[in-house]
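>
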């Protein structure tokens, strides 16, 4: 399998300026690789740095030190050192993101697959229920065959039927060779999709048997 992401010695500390400059270390010397066709799930208690690592991969957060190498169109790009135009190009062509929060798209096939009623397609997203908004956001992330997918609790707010639809999309993405990093609080979903767990406490990758 081809490695698509290499995280090397990544560290991140937040400075709480409204609390007298209190420093909050969140990541320390994180190292991880993710290959095409596998799903690595970030695992750890609340506050262990899962969201910080995921958002650093997408360049929403700038780490204090370390490197995030992304295989972008056949060349390695360090997201920590990349210029804004390079990050935008990676997000456009290489790196897909699905969060818990709604971003608007129109994607007929995926909306059908995710059981979003056709009567809602022309309505303002604010009229959707939380679960319907989440399914629209999932369709946004999967509408392009990104080589890398970052999933931030994609099954939050979903019932079992629609969680199963998301699991099916993840399995399809893995079969076409996508490298996936995700956070899943639902243990059942996590067990279905994870090829490896990345333990935020260790930190090290643990094989799923």
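Numbering (the numbering used here), first residue to last: 32 to 240.
The C-beta atom is built at its ideal place from N, Cα and C for all residues, glycine as well.
With a cut-off of 8 Å on the beta carbons, I'd call residue 96 and residue 40 a contact; round off their distance for me.
Looking up residue 96 in the chain shown gives position 65. Looking up residue 40 in the chain shown gives position 9. Between residue 40 and residue 96 the Cβ distance is about 7 Å, and since that is below 8 Å, they are a contact.
> Could you work out which residue in 43, 194 and 185 is closest to residue 211 when comparing CA atoms only?
Numbered from 1 along the chain shown, position 180 holds the residue referred to as residue 211. Here the closest residue by C-alpha is 185.
> In the DSSP output, which residue or residues are listed as bridge partners for residue 43?
The count along the chain shown starts at 1 and reaches residue 43 at position 12. Per DSSP, 58.
> According to DSSP, is residue 106 helix, strand or coil?
In the chain shown, the residue the question calls residue 106 occupies position 75. The answer is strand: DSSP assigns residue 106 an E or B state.
> Looking at residue 214: is its Cβ nearer than 8 Å to the Cβ of residue 87?
Sequence index remark: in the chain shown, residue 214 carries index 183 (1-based). Sequence index remark: in the chain shown, residue 87 carries index 56 (1-based). Going by C-beta atoms, residue 214 is not nearer than 8 Å to residue 87.
> With C-beta atoms as the reference, is residue 63 less than 8 Å away from residue 101?
What you label residue 63 is simply residue 32 of the chain shown in a count that begins at 1. What you label residue 101 is simply residue 70 of the chain shown in a count that begins at 1. No, Cβ-Cβ distance for residue 63 and residue 101 is not below 8 Å.
> Who are residue 214's beta bridge partners in DSSP?
For the purposes of this step, residue 214 is identified with residue 183 of the chain shown, where counting begins at 1. Bridge partners of residue 214: 183.
> Quick check on DSSP: helix, strand or coil for residue 121?
What you label residue 121 is simply residue 90 of the chain shown in a count that begins at 1. Correct three-state label for residue 121: helix.
> Using only the alpha-carbon positions, how far apart do residue 56 and residue 232 sit?
Mapped onto the chain shown, residue 56 falls at position 25. Mapped onto the chain shown, residue 232 falls at position 201. So the two alpha carbons sit approximately 13 Å from each other.
> Alpha carbon to alpha carbon, how far is residue 178 from residue 54?
By one-based count along the chain shown, residue 178 stands at place 147. By one-based count along the chain shown, residue 54 stands at place 23. Whole-angstrom Cα-Cα distance: 35 Å.
> Answer with buried or exposed for residue 46, where buried requires no fewer than 16 other C-beta atoms within 10 angstroms of its C-beta.
Position 15 of the chain shown, counted from the start, is the residue given in the question as residue 46. Residue 46 should be labelled exposed.
> Tell me, please, whether the CB atom of residue 206 is closer than 8 Å to any CB atom in chain B?
Absent from the structure is chain B; it holds one protein chain and no more.
> Do the CB positions of residue 85 and residue 183 come within less than 8 Å of each other?
In the chain shown, residue 85 corresponds to position 54, counting from 1. In the chain shown, residue 183 corresponds to position 152, counting from 1. Taking 8 Å as the Cβ cut-off, residue 85 and residue 183 qualify as a contacting pair.
> Go ahead and label residue 60 buried or exposed: buried means 16 or more other beta carbons lie within 10 angstroms of its beta carbon, across all protein chains shown.
Taking the first residue of the chain shown as 1, we reach residue 60 at position 29. With fewer than 16 other Cβ atoms within 10 Å, it is exposed.
> Have a look at residue 68 and residue 224 and give me their C-alpha separation to the nearest angstrom.
Residue numbering aside, residue 68 sits at position 37 when the chain shown is read from its first letter. Residue numbering aside, residue 224 sits at position 193 when the chain shown is read from its first letter. The straight-line gap from Cα to Cα measures roughly 11 Å.
> Kindly identify the DSSP beta-bridge partner or partners of residue 98.
Stepping through the chain shown from its first residue, residue 98 is reached at position 67. Residue 98 is bridged to 39.
> Roughly how many angstroms separate the alpha carbons of residue 33 and residue 229, rounded to a whole number?
Locating residue 33 in the chain shown gives position 2, where the first residue counts as 1. Locating residue 229 in the chain shown gives position 198, where the first residue counts as 1. Roughly 18 Å separates the two Cα atoms.
> Go ahead and label residue 126 buried or exposed: buried means 16 or more other beta carbons lie within 10 angstroms of its beta carbon, across all protein chains shown.
Along the chain shown, one-based indexing puts residue 126 at 95. Per the 10 Å Cβ criterion, buried.
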